[in-house]
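Trainee:
Protein chains: 2
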Amino acid sequence: MREGTSEAVNVVMSYKVDSDYNVVKGNNVGMIRRVSDDRPYHHGNLRTALLAAAERGLRERGADELALRDLAREIGVSHAAPRRHFPTRQALLDALAEDGFARLDSVLLTALEGTGGTAAHVRAVMTAYVRFATENAALADLMYTSKHRPGAERLLEAAAAPFGRMRELVLRGQSEGVLRGGDPDRLGMVLIATLQGLASMVNSAIAEPEQLGDLLETAFAQFVL
Amino acid sequence: MREGTSEAVNVVMSYKVDSDYNVVKGNNVGMIRRVSDDRPYHHGNLRTALLAAAERGLRERGADELALRDLAREIGVSHAAPRRHFPTRQALLDALAEDGFARLDSVLLTALEGTGGTAAHVRAVMTAYVRFATENAALADLMYTSKHRPGAERLLEAAAAPFGRMRELVLRGQSEGVLRGGDPDRLGMVLIATLQGLASMVNSAIAEPEQLGDLLETAFAQFVL
DNA sequence: ACCTGAACACCGTTCAAGT
DNA sequence: ACCTGAACACCGTTCAAGT
Chain U
1 MREGTSEAVN VVMSYKVDSD YNVVKGNNVG MIRRVSDDRP YHHGNLRTAL
51 LAAAERGLRE RGADELALRD LAREIGVSHA APRRHFPTRQ ALLDALAEDG
101 FARLDSVLLT ALEGTGGTAA HVRAVMTAYV RFATENAALA DLMYTSKHRP
151 GAERLLEAAA APFGRMRELV LRGQSEGVLR GGDPDRLGMV LIATLQGLAS
201 MVNSAIAEPE QLGDLLETAF AQFVL
Chain X
1 MREGTSEAVN VVMSYKVDSD YNVVKGNNVG MIRRVSDDRP YHHGNLRTAL
51 LAAAERGLRE RGADELALRD LAREIGVSHA APRRHFPTRQ ALLDALAEDG
101 FARLDSVLLT ALEGTGGTAA HVRAVMTAYV RFATENAALA DLMYTSKHRP
151 GAERLLEAAA APFGRMRELV LRGQSEGVLR GGDPDRLGMV LIATLQGLAS
201 MVNSAIAEPE QLGDLLETAF AQFVL
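Keeping their order, the protein sequence lines are chains U and X. Under full-length UniProt numbering, the first sequence has 48 at position 48, and the numbering climbs by one with no breaks. Under full-length UniProt numbering, the second sequence has 23 at position 23, and the numbering climbs by one with no breaks.
1) Below 7 Å, is the gap between the Cβ of alanine 91 of chain X and the nearest heavy atom of the ligand MN?
2) Just to confirm, is the Cβ distance from threonine 194 of chain U to alanine 193 of chain X under 8 Å?
3) Just curious, the alpha helix (DSSP H) that aspartate 105 of chain U is in, first and last residue?
4) Counting contacts by CB-CB distance shorter than 8 Å, is asparagine 136 of chain X in contact with chain U?
5) In terms of alpha-carbon separation, which member of U/Thr134, U/Ala133 and U/Ala111 lies closest to arginine 123 of chain U?
6) Residues of chain U with a CB under 8 Å from the CB of aspartate 214 of chain X: which are they?
7) Which residues in chain U have a C-beta closer than 8 Å to the C-beta of tyrosine 144 of chain X? List them in chain order.
8) Whether or not the stretch 207 to 219 of chain X and the stretch 174 to 193 of chain U are in contact is what I'm after, with contact meaning three or more pairs of Cβ atoms, one per stretch, closer than 8 Å; do they touch?
9) Taking C-beta to C-beta, are threonine 118 of chain U and glutamate 176 of chain U nearer than 8 Å?
10) Examine chain U for any beta-carbon lying closer than 8 Å to the beta-carbon of threonine 194 of chain X, and answer yes or no.
11) Excluding five sequence neighbours on each side, which residues of the same chain lie with their C-beta closer than 6 Å to the C-beta of residue 229 of chain X?
12) Of the residues that make up the stretch 141 to 169 of chain X, which ones have a beta carbon closer than 8 Å to any beta carbon in chain U?
13) Tell me whether the beta-carbon of alanine 49 of chain X lies closer than 8 Å to the beta-carbon of alanine 102 of chain X.
14) Take alanine 199 of chain U and list the residues in its own chain whose beta-carbon comes closer than 7 Å to its own, dropping the five residues that flank it on each side.
15) By the three-class DSSP mapping on this structure, what secondary structure does leucine 179 of chain X have?
16) To the nearest angstrom, how far is the alpha carbon of aspartate 70 of chain X from that of leucine 96 of chain U?
17) Just checking my contact of aspartate 94 of chain X with alanine 53 of chain X at CB under 8 Å: how many whole Å lie between their CB atoms?
18) Valine 224 of chain X bridges to which residues according to DSSP?
19) Roughly how many angstroms lie between the CA atoms of methionine 201 of chain U and valine 77 of chain U, to the nearest whole one?
20) To the nearest angstrom, report how far apart leucine 171 of chain X and glycine 182 of chain X are at their CA atoms.
21) Please work out which residues of its chain come closer than 6 Å, Cβ to Cβ, to alanine 137 of chain X, disregarding the five sequence neighbours upstream and downstream, and give them in chain order.
22) According to DSSP, is residue 233 of chain U part of a helix, a strand, or is it coil?
23) Distance, Cα to Cα, asparagine 45 of chain U vs alanine 161 of chain X?
24) With the cut-off set at 8 Å, would you say leucine 179 of chain X and leucine 225 of chain X are in Cβ contact?
25) Taking Cβ to Cβ, would you say proline 82 of chain X is nearer than 8 Å to leucine 68 of chain X?
26) Let's test the definition: count the other Cβ atoms within 10 Å of the Cβ of glutamate 210 of chain X and tell me whether it reaches 16, buried, or not, exposed.
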């Protein structure tokens with residue numbers, strides 16, 4: 001853990017030699033990743049490491065507490081290192097939101113793989129959405145906050161996946177006569193809006209989590225004939 | 001504007017004597033409020049001044065850019081002065097959100113004063129809500145973000161006003177047979193959730209503002225029989 | 001009671017320099 | 001190409017001190 005200390009006064013710096021004889025430096029020795037066996041986080045996958053750490057931070061402390069310098073420290077790189085992968089803090093937040101839409105899409109996909117007819121699928125998707133958005137409250141917030149910003153195109157593309165999946169389900173439901181008629185894009189948008197809104201109510205403590213089942217049932221009855 | 005300059009090196013400090021012969025000091029002379037006629041902001045209504053400045057900042061630059069030090073500078077008090085009125089930055093944000101619920105309530109009240117029957121009132125309230133939440137996007141975000149926090153009781157109480165108003169409208173609509181049946185609390189919650197969700201979609205640029213009319217119409221058709 | 005000024009411990013961002 | 005270290009210009013928060 002402590003193999004040597006530099007002589008310079010005021011500079012808390014330690015070095016360490018791994019089994020490959022590479023010198024690893026850092027201000028925070030305790031945080032240095034082992035370089036020998038499973039390759040260090042940095043040099044190759046800093047981006048992935050940053051996203052993983054950021055996601056944990058987001059869930060555990062919220063977006064406001066997410067500091068690039070903290071993440072860099074946790075991973076064991078300099079505070080300027082993240083810049084190569086995320087030029088700005090907002091870029092990291094955008095990447096998290098983008099990943100959030102991808103995860104949401106796969107959650108919805110899983111819900112659609114369940115047994116039962118279309119009505120059952122609608123119910124399953126609705127439940128899955130609200131579950132995802134309440135279990136990942138800070139992430140859901142991030143996913144739906146002001147994308148009126150240059151460079152947010154990727155994010156909007158990522159959002160298109162779950163929305164497209166929802167649209168397909170709506171089309172299927174309408175053709176089978178289990179869902180209300182009308183423009184499927186509009187109905188799909190209203191459906192997601194309702195679900196996101198319900199999640200917001202729970203996340204903001206305006207509605208209680210225990211009410212969610214009943215609220216979902218009320219919403220379900222409005223969409224399914 | 002510049003009446004004198006202190007001699008101290010490295011200290012950029014100017015003083016100014018107003019018509020009441022009070023010496024006003026500050027690092028940013030251009031921002032100093034006139035002390036003579038209309039009484040300065042500070043000394044009496046700093047809280048109000050802070051909220052007003054914060055509201056403008058929220059609208060113009062978003063919550064992330066809202067800095068207590070900035071507001072203090074703009075108003076012309078020391079950076080530590082806000083502390084008396086808002087012990088923490090979060091306290092200021094909470095106060096903004098609280099005010100937001102009060103403003104929303106009065107907006108809904110106004111919508112309910114329009115002509116027409118209950119169905120028309122429902123439509124008016126729905127439109128008014130979404131209009132408010134899209135014209136005050138950053139504020140709406142603030143109003144629905146994690147109140148799972150000690151000291152957020154006042155905020156939840158403030159939220160009760162517009163929700164109560166919505167509930168009354170739902171009860172009226174149900175008794176007149178223009179709204180779907182079921183638990184009025186649940187239906188009211190789903191209604192607000194739908195509206196807030198639609199506003200989120202527009203604010204996040206996932207839906208376009210031009211679609212709002214159609215989306216509202218689709219939502220309206222789901223609640224009104 | 002309300003505000004000031006200095007201080008502390010952070011930030012995000014930039015940039016020359018290293019390998 | 002990717003990372004470091006120092007530097008810059010900010011923050012929020014705290015606290016003794018002033019009036």
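All C-beta atoms in this analysis are idealised placements derived from N, C-alpha and C, irrespective of residue type, glycine included.
Mentor: So, from the data block:
1) The ligand content of the structure shown is nil, which means the ligand MN is not present either.
2) Residue 194 of chain U sits at position 194 when you count from the first residue of the first sequence. Residue 193 of chain X sits at position 193 when you count from the first residue of the second sequence. Yes; because the gap between Cβ atoms is below 8 Å, this pair is in contact.
3) Numbered from 1 along the first sequence, position 105 holds the residue referred to as residue 105 of chain U. DSSP places aspartate 105 of chain U in the uninterrupted alpha helix (DSSP H) bounded by 89 to 112.
4) As a working note, residue 136 of chain X is residue 136 in the second sequence. By the rule that beta-carbons nearer than 8 Å mark a contact, asparagine 136 of chain X does not touch chain U.
5) As a first step, residue 123 of chain U must be located in the first sequence, where it is residue number 123. Taking only the C-alpha atoms, the option nearest arginine 123 of chain U is U/Ala111.
6) Counting from 1 along the second sequence, the entry for residue 214 of chain X is found at position 214. In chain order: Asp183 and Arg186.
7) The count along the second sequence starts at 1 and reaches residue 144 of chain X at position 144. Within chain U, the residues near tyrosine 144 of chain X are Ser200, Met201, Asn203, Ser204 and Ile206.
8) Counting Cβ pairs under 8 Å, three or more are found: they touch.
9) Numbered from 1 along the first sequence, position 118 holds the residue referred to as residue 118 of chain U. Numbered from 1 along the first sequence, position 176 holds the residue referred to as residue 176 of chain U. Taking 8 Å as the Cβ cut-off, threonine 118 of chain U and glutamate 176 of chain U qualify as a contacting pair.
10) Start at 1 with the first residue of the second sequence, and residue 194 of chain X comes out as number 194. The beta-carbon of threonine 194 of chain X is placed less than 8 Å from the nearest beta-carbon of chain U.
11) Any property of residue 229 of chain X remains undetermined from this structure, which presents chain X solely from 1 to 225.
12) Residues are counted here when their Cβ sits less than 8 Å from a Cβ of chain U; for the stretch 141 to 169 of chain X these are Asp141, Met143, Tyr144, Thr145, Ser146, Lys147, His148, Ala152, Leu156, Ala159 and Phe163, given in chain order.
13) Within the second sequence, the letter at position 49 stands for residue 49 of chain X. Within the second sequence, the letter at position 102 stands for residue 102 of chain X. No, Cβ-Cβ distance for alanine 49 of chain X and alanine 102 of chain X is not below 8 Å.
14) One-based indexing of the first sequence puts residue 199 of chain U at position 199. Exclusion of the five residues before and after alanine 199 of chain U leaves Val130, Ala133, Thr134 and Ala140 as the residues of its chain whose Cβ lies within less than 7 Å of its Cβ.
15) For the purposes of this step, residue 179 of chain X is identified with residue 179 of the second sequence, where counting begins at 1. Strand at leucine 179 of chain X.
16) For the purposes of this step, residue 70 of chain X is taken as the residue at position 70 of the second sequence. For the purposes of this step, residue 96 of chain U is taken as the residue at position 96 of the first sequence. Straight-line spacing of the CA atoms in aspartate 70 of chain X and leucine 96 of chain U works out to 29 Å.
17) Taking the first residue of the second sequence as position 1, residue 94 of chain X is located at position 94. Taking the first residue of the second sequence as position 1, residue 53 of chain X is located at position 53. Wrong, their Cβ atoms sit about 16 Å apart, outside the cutoff.
18) Taking the first residue of the second sequence as position 1, residue 224 of chain X is located at position 224. Bridge partners of valine 224 of chain X: X/Leu179.
19) Reading the first sequence from its first residue, position 201 is the one you call residue 201 of chain U. Reading the first sequence from its first residue, position 77 is the one you call residue 77 of chain U. Each residue's alpha carbon lies about 39 Å from the other.
20) The count along the second sequence starts at 1 and reaches residue 171 of chain X at position 171. The count along the second sequence starts at 1 and reaches residue 182 of chain X at position 182. Going from the Cα of leucine 171 of chain X to the Cα of glycine 182 of chain X covers about 10 Å.
21) Your numbering for residue 137 of chain X matches position 137 in the second sequence. So the qualifying residues of the chain are Asn203.
22) Nothing about residue 233 of chain U can be read from this structure; chain U reaches only from 1 to 225.
23) As a first step, residue 45 of chain U must be located in the first sequence, where it is residue number 45. As a first step, residue 161 of chain X must be located in the second sequence, where it is residue number 161. Cα atoms of asparagine 45 of chain U and alanine 161 of chain X: separation of roughly 50 Å, rounded to the nearest angstrom.
24) The residue you call residue 179 of chain X lines up with position 179 of the second sequence. The residue you call residue 225 of chain X lines up with position 225 of the second sequence. Leucine 225 of chain X sits close to leucine 179 of chain X, with the two beta carbons spaced by under 8 Å.
25) Along the second sequence, read from residue 1 onward, the residue named residue 82 of chain X stands at position 82. Along the second sequence, read from residue 1 onward, the residue named residue 68 of chain X stands at position 68. Contact flag set, yes.
26) Along the second sequence, read from residue 1 onward, the residue named residue 210 of chain X stands at position 210. Label assigned to glutamate 210 of chain X: exposed.
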